[in-house]
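*Asks:*
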Amino acid sequence: MEQSLRLTVKPQWDEIESARIEVGVYLQSQGLMRDAVHSLTMVISELIENGIKYGSFTEPEDAIAVDIHRNGHTTTVEVINPLNIKDKAARNHLTKLDKTIQWIRGYQDPFEAYVEKLKEVSRRPLKDEESGLGLVRIAYEGKSILDFFVSEEGCLNVSAVSHFRGDNHEKD
Amino acid sequence: MQIELIENTNSITMVWTGKSTHRKPSEFISPILAETIRRSNASKKRIIMDFRRLEYMNSSTITPIIKILERAKRGATEITLLYNKSLKWQDLSFSALEIFETQDSKVEIKGVENHVPGNK
Chain A
1 MEQSLRLTVK
11 PQWDEIESAR
21 IEVGVYLQSQ
31 GLMRDAVHSL
41 TMVISELIEN
51 GIKYGSFTEP
61 EDAIAVDIHR
71 NGHTTTVEVI
81 NPLNIKDKAA
91 RNHLTKLDKT
101 IQWIRGYQDP
111 FEAYVEKLKE
121 VSRRPLKDEE
131 SGLGLVRIAY
141 EGKSILDFFV
151 SEEGCLNVSA
161 VSHFRGDNHE
171 KD
Chain Z
173 MQIELIENTN
183 SITMVWTGKS
193 THRKPSEFIS
203 PILAETIRRS
213 NASKKRIIMD
223 FRRLEYMNSS
233 TITPIIKILE
243 RAKRGATEIT
253 LLYNKSLKWQ
263 DLSFSALEIF
273 ETQDSKVEIK
283 GVENHVPGNK
């Protein structure tokens, strides 16, 4: 039977920790073990961070929606934020998001992609604050398959699908 | 997150505790790292970065750490990074940093299985 949770997160950085705590409590209540809860809350945190960084929040009610669906051993996380597709920065973000997800899929093992990204980022100038590690970390540490689409309403929906079966993450 | 600096006869230990969730953690971390490296170079002491009591870090926190490891590989600074191998997230995050290890042990990445007092 599918279980789900929807959270609405204000696009403010301090809200991320509250969302992490709420999601953690929910996942624990679903019987997930500590390591799986940590993995999934990391995935959600990284996606909400991206949502805040690249979303378009012009109206007071604009927010980030976080949907978590549990079905057997599969957990699907969706983080949805409004996007101003006419904005050049938003279009650049979509292009980069697409390229990064395709790039990660090009590796059989996400660990290899993560290591390549670590090498690349480590050689950047010290003052360059951009991480660029978030999505590949989700794939490697979060053991998640990433995807995205832009809805007709102009919202960006980024999803991460994880399977915890057989790796001692989940209670029997 | 807090970073506590403890200077001993042979080393300078940076103890990282709590959760690192800031939008730009480099603004907090980089000056501390720079000062620690300056002290290390002046005193020829090894830097020990102890992450065993860290509860969470976002990906932006990893960036300044790997930049320092990469520069240490090519420079004179000696660094040992300690993490808690018993915590799966720490094992995944920090074992990947073994790519920065050097054969002469100038940069070491060590996973420790033992219990860390105060760890949740």
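Those protein sequence lines, which keep their order, are chains A and Z. If you read the first sequence in the working numbering, its first letter stands for residue 1, the second for the next number, and so on. If you read the second sequence in the working numbering, its first letter stands for residue 173, the second for the next number, and so on. The beta-carbon is built from N, C-alpha and C at its ideal position, and this holds for glycine as well. Since the model is a prediction, treat every value here as computed from it, not as a measurement.
Which residues in the same chain have their Cβ closer than 6 Å to the Cβ of I145/A, if we skip the five residues on either side of it in sequence?
*Replies:* Against the first sequence, residue 145/A aligns to sequence position 145. Counting only Cβ-Cβ distances below 6 Å, and skipping sequence neighbours, we find V161.
*Asks:* Is R246/Z close to chain A? Criterion is C-beta to C-beta, closer than 7 Å.
*Replies:* Against the second sequence, residue 246/Z aligns to sequence position 74. It does not; no Cβ of chain A falls within 7 Å.
*Asks:* Can you give me the C-alpha to C-alpha distance between R34/A and T193/Z, rounded to a whole angstrom?
*Replies:* Here residue 34/A refers to the residue found at position 34 of the first sequence. Here residue 193/Z refers to the residue found at position 21 of the second sequence. Spanning the two alpha carbons is a distance of roughly 19 Å.
*Asks:* Does DSSP classify D173/A as helix, strand or coil?
*Replies:* Not covered by the structure: residue 173/A. The range shown for chain A is 1 to 172.
*Asks:* Quick one, which of A139/A, P60/A, D14/A and T8/A has its alpha-carbon nearest Q108/A's?
*Replies:* In the first sequence, residue 108/A corresponds to position 108, counting from 1. Ranking the options by Cα distance to Q108/A, first place goes to A139/A.
*Asks:* Which first and last residues belong to the alpha helix (DSSP H) in which G51/A is found?
*Replies:* In the first sequence, residue 51/A corresponds to position 51, counting from 1. Residues R34 to Y54.
*Asks:* Less than 8 Å between the CB atoms is what I'm expecting for K278/Z and A244/Z, so what's the real figure, rounded?
*Replies:* Counted from its first residue, the second sequence places residue 278/Z at position 106. Counted from its first residue, the second sequence places residue 244/Z at position 72. Indeed, because the Cβ distance is near 7 Å, the residues count as touching under 8 Å.
*Asks:* Hey, out of Q3/A, I52/A and E152/A, whose CA is closest to G76/A's CA?
*Replies:* Numbered from its first residue, the first sequence carries residue 76/A at position 76. Here residue 76/A turns out to be Thr, not Gly, going by the sequence shown. Out of Q3/A, I52/A and E152/A, Q3/A has the C-alpha closest to the C-alpha of T76/A.
*Asks:* Spatial neighbours of L253/Z within its chain, please: CB distance less than 6 Å, with the 5 preceding and 5 following residues excluded, ordered by chain position.
*Replies:* Walking along the second sequence from the start, residue 253/Z turns up at place 81. These residues qualify, in order along the chain: M221 and I281.
*Asks:* Between S56/A and the rest of its own chain, which residues show a CB-CB distance below 7 Å, the 5 nearest in sequence each way excluded?
*Replies:* Working through the first sequence from its first residue, we reach residue 56/A at position 56. Same-chain partners within the cutoff: P82, L83, N84, D87 and A90.
*Asks:* Out of curiosity, what's the CA-to-CA distance linking P125/A and Y114/A?
*Replies:* Within the first sequence, the letter at position 125 stands for residue 125/A. Within the first sequence, the letter at position 114 stands for residue 114/A. If you take the alpha carbons of P125/A and Y114/A, they lie about 19 Å apart.
*Asks:* Does any C-beta atom of chain Z lie closer than 7 Å to the C-beta of V121/A?
*Replies:* Working through the first sequence from its first residue, we reach residue 121/A at position 121. Yes, V121/A lies at the interface with chain Z (some Cβ there is under 7 Å from its Cβ).
*Asks:* Throw me the rounded Cβ distance for the A101/A and L133/A pair, which I believe falls under 8 Å.
*Replies:* Here the question's residue 101/A lines up with position 101 in the first sequence. Here the question's residue 133/A lines up with position 133 in the first sequence. Note on residue identity: the sequence assigns Ile, not Ala, to residue 101/A. At roughly 14 Å, the Cβ-Cβ gap does not stay under 8 Å, so I101/A and L133/A are not in contact.
*Asks:* Please classify R70/A: is it buried, with 16 or more other beta-carbons within 10 angstroms of its beta-carbon, or exposed?
*Replies:* If you number the first sequence from 1, residue 70/A lands on position 70. Flag for R70/A reads buried.
*Asks:* Determine, for E242/Z, whether the minimum Cβ-Cβ distance to residues of chain A falls below 7 Å.
*Replies:* What you label residue 242/Z is simply residue 70 of the second sequence in a count that begins at 1. Closer than 7 Å to some Cβ of chain A, the Cβ of E242/Z qualifies, so yes.
*Asks:* Could you tell me the alpha carbon to alpha carbon distance between R225/Z and S159/A, rounded to whole angstroms?
*Replies:* As a first step, residue 225/Z is located in the second sequence; it is residue number 53 there, counting from the start. As a first step, residue 159/A is located in the first sequence; it is residue number 159 there, counting from the start. Cα-Cα distance, rounded: 31 Å.
*Asks:* Strictly by DSSP, which residues pair up with L118/A?
*Replies:* If you number the first sequence from 1, residue 118/A lands on position 118. L118/A pairs with nothing; no bridge assigned.
*Asks:* Could you tell me if N180/Z is buried or exposed, where buried requires 16 or more neighbouring beta carbons within 10 angstroms of its beta carbon?
*Replies:* The sequence position of residue 180/Z within the second sequence is 8, counting from 1. Exposed, since its Cβ has fewer than 16 Cβ neighbours within 10 Å.
*Asks:* Assign H73/A to one of two classes, buried (16 or more other C-beta atoms within 10 Å of its C-beta) or exposed (fewer than that).
*Replies:* For this step, residue 73/A is matched to residue 73 along the first sequence. Exposed.
*Asks:* Give the secondary structure of R70/A by DSSP, where H, G and I count as helix, E and B as strand, and everything else as coil.
*Replies:* Within the first sequence, residue 70/A is the residue found at index 70, counting from 1. Three-state result, R70/A: strand.
*Asks:* Ignoring anything shorter than 3 residues or poking outside the region 81-127 of chain A, list the beta strand (DSSP E) runs there in chain order.
*Replies:* Those beta strand (DSSP E) runs which fall completely within the region 81-127 of chain A and span 3+ residues do not exist here.
*Asks:* Could you give the DSSP three-state label for G283/Z: helix, strand or coil?
*Replies:* Locating residue 283/Z in the second sequence gives position 111, where the first residue counts as 1. It is a strand residue.
*Asks:* Going along the region 99-126 of chain A in order, which residues come within less than 9 Å of chain Z, judged by CB to CB distance?
*Replies:* The residues in question are F111, Y114, V115, L118, K119, V121, S122, R123, R124, P125 and L126.
*Asks:* How about L269/Z and I240/Z: do their beta carbons lie closer than 7 Å?
*Replies:* Translated into the one-based positions of the second sequence, residue 269/Z becomes position 97. Translated into the one-based positions of the second sequence, residue 240/Z becomes position 68. Not a contact, by the Cβ cut-off of 7 Å.
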